[in-house]
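Visitor:
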Amino acid sequence: GQNIDQPTEMTATEGAIVQINCTYQTSGFNGLFWYQQHAGEAPTFLSYNVLDGLEEKGRFSSFLSRSKGYSYLLLKELQMKDSASYLCAVRDGIKAAGNKLTFGGGTRVLVKP
Amino acid sequence: DSGVTQTPKHLITATGQRVTLRCSPRSGDLSVYWYQQSLDQGLQFLIQYYNGEERAKGNILERFSAQQFPDLHSELNLSSLELGDSALYFCASSLGQLYQETQYFGPGTRLLVL
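The listed protein sequences derive, respectively, from chains A and B. Number 32 in my numbering belongs to position 32 of the first sequence; there are no gaps in the numbering. Number 213 in my numbering belongs to position 100 of the second sequence; there are no gaps in the numbering.
1) Any idea what DSSP makes of Leu196 (chain B), helix, strand or coil?
2) DSSP beta-bridge partners for Ala12 (chain A)?
3) Could you pull out every residue in the same chain whose Cβ sits closer than 7 Å to the Cβ of Arg59 (chain A), ignoring the five residues on either side in sequence?
4) Show which residues of chain A have a CB atom less than 9 Å away from the CB atom of Phe203 (chain B).
5) So for Asp153 (chain B), helix, strand or coil by DSSP?
6) Give the interface partners of Glu214 (chain B) over in chain A, defined as CB-CB distance under 8 Å, in chain order.
7) Compare the C-beta of Gln161 (chain B) with all C-beta atoms of chain A and state if any pair is closer than 8 Å.
8) Return the CA-CA distance between Leu46 (chain A) and Gln2 (chain A), expressed in angstroms with no decimal places.
9) For Phe103 (chain A), go through chain B and note every residue whose CB falls closer than 7 Å to its CB, in chain order.
10) Quick check on the burial criterion: 16 or more other C-beta atoms within 10 angstroms. Buried or exposed for Pro113 (chain A)?
11) Output needed for Lys100 (chain A): all residues of its chain with C-beta closer than 8 Å, excluding positions within five of it in sequence on either side, in chain order.
12) State the DSSP-derived secondary structure class of Lys76 (chain A), mapped to helix, strand or coil.
13) Note the first and the last residue of the continuous beta strand (DSSP E) segment covering Arg131 (chain B).
14) Quick one: list the residues of chain B neighbouring Tyr48 (chain A), beta-carbon separation under 7 Å, in chain order.
15) Taking Ile4 (chain A) as part of the beta strand (DSSP E), name the residues at either end of that continuous run.
16) What three-state label does DSSP hand Lys57 (chain A) in the structure shown?
17) What separation, rounded to the nearest whole angstrom, lies between the Cα atoms of Gly141 (chain B) and Glu55 (chain A)?
18) Is Lys81 (chain A) helix, strand or coil when you go by DSSP?
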């Protein structure tokens with residue numbers, strides 16, 4: 001099975017940087033995803049890591065350490081529109097599990113002026 | 114817009130009833146996934162279909178069933194509805210060819226059981 005932990009809520013100021021941590025314990029691993037979800041809307045894909053290291057995409061970066069079961073999402077130059085929930089999800093490495101994603105509970109980020 | 118469509122957008126029904134949620138994947142995607150999101154449970158995987166066949170199953174209740182049709186659209190059937198089934202139901206799709214694939218989510222169906 002999979003166990004994924006991330007903080008429930010974080011607050012930051014517009015223009016600042018916020019780091020959202022995600023730790024996971026899994027029976028298999030085949031990649032970690034970050035999604036952004038505004039209230040009542042669909043999750044939208046932000047980033048994907050399958051190898052250790054940092055992936056940078058504009059203002060968003062994601063880091064993975066497989067040996068530590070740890071990832072973080074870094075949001076730079078925060079904007080008001082970044083207020084949303086950020087979901088960490090792990091894909092099972094077990095073939096029979098298909099491509100299913102197991103999601104953490106999500107971290108609600110509130111950006112203040 | 115992810116390219117995944119879901120209907121209806123909202124659904125209000127009574128306990129004991131049966132509803133059908135519909136999903137059309139992105140053009141070219143063969144895999145469809147169903148997820149349930151409730152306030153206390155987060156986003157939970159229900160079931161995956163690939164090219165018409167069931168590929169993986171999650172915490173899907175026996176009262177729930179799904180299928181994927183030859184044109185690749187999928188339907189999720191929820192029966193004997195209970196108050197606790199009230200949730201957002203998302204469909205996602207991916208190419209389905211490889212394991213290292215991104216899933217793209219539809220806008221969801223908000224189900225309210227009264």
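From the three backbone atoms N, C-alpha and C, an ideal C-beta is built for every residue, glycine too. Being a predicted model, the structure only gives us computed values, none of them experimental.
Guide: Working from what's here:
1) Against the second sequence, residue 196 (chain B) aligns to sequence position 83. Three-state result, Leu196 (chain B): helix.
2) Along the first sequence, one-based indexing puts residue 12 (chain A) at 12. Ala12 (chain A) is bridged by DSSP to A:Val111.
3) Residue mapping note: residue 59 (chain A) aligns to position 59 of the first sequence, counting from 1. Correct list, in chain order: Leu75, Lys76, Glu77.
4) What you label residue 203 (chain B) is simply residue 90 of the second sequence in a count that begins at 1. Under the 9 Å cutoff, chain A gives Ala42, Pro43.
5) Position 40 of the second sequence, counted from the start, is the residue given in the question as residue 153 (chain B). The three-state secondary structure of Asp153 (chain B), taken from DSSP, is coil.
6) Taking the first residue of the second sequence as position 1, residue 214 (chain B) is located at position 101. Within 8 Å Cβ-Cβ: Asn99.
7) Residue mapping note: residue 161 (chain B) aligns to position 48 of the second sequence, counting from 1. It does; some Cβ of chain A falls within 8 Å.
8) Taking the first sequence and counting its residues from 1, the one referred to as residue 46 (chain A) is at position 46. Taking the first sequence and counting its residues from 1, the one referred to as residue 2 (chain A) is at position 2. Going from the Cα of Leu46 (chain A) to the Cα of Gln2 (chain A) covers about 21 Å.
9) Numbered from its first residue, the first sequence carries residue 103 (chain A) at position 103. Within chain B, the C-beta atoms nearer than 7 Å to that of Phe103 (chain A) come from Gly155, Leu156, in chain order.
10) As a first step, residue 113 (chain A) is located in the first sequence; it is residue number 113 there, counting from the start. Label assigned to Pro113 (chain A): exposed.
11) Taking the first residue of the first sequence as position 1, residue 100 (chain A) is located at position 100. The residues are Arg91, Asp92.
12) As a first step, residue 76 (chain A) must be located in the first sequence, where it is residue number 76. In the three-state reduction of the DSSP assignment, Lys76 (chain A) falls in the coil class, being assigned neither a helical nor a strand state.
13) Taking the second sequence and counting its residues from 1, one reaches residue 131 (chain B) at position 18. Here Arg131 (chain B) belongs to no beta strand (DSSP E), and DSSP marks it neither H nor E.
14) One-based indexing of the first sequence puts residue 48 (chain A) at position 48. Within chain B, the residues Thr215 have their CB atoms less than 7 Å from the CB of Tyr48 (chain A), given in chain order.
15) Here residue 4 (chain A) refers to the residue found at position 4 when the first sequence is read from its first residue. Judged by DSSP secondary structure, Ile4 (chain A) falls within the beta strand (DSSP E) whose first and last residues are 2-5.
16) As a position in the first sequence, residue 57 (chain A) is number 57, starting the count at 1. In the structure shown, Lys57 (chain A) sits in a strand (DSSP, three-state: E or B).
17) The residue labelled residue 141 (chain B) in the question sits at position 28 within the second sequence. The residue labelled residue 55 (chain A) in the question sits at position 55 within the first sequence. Going from the Cα of Gly141 (chain B) to the Cα of Glu55 (chain A) covers about 27 Å.
18) The count along the first sequence starts at 1 and reaches residue 81 (chain A) at position 81. Three-state result, Lys81 (chain A): helix.
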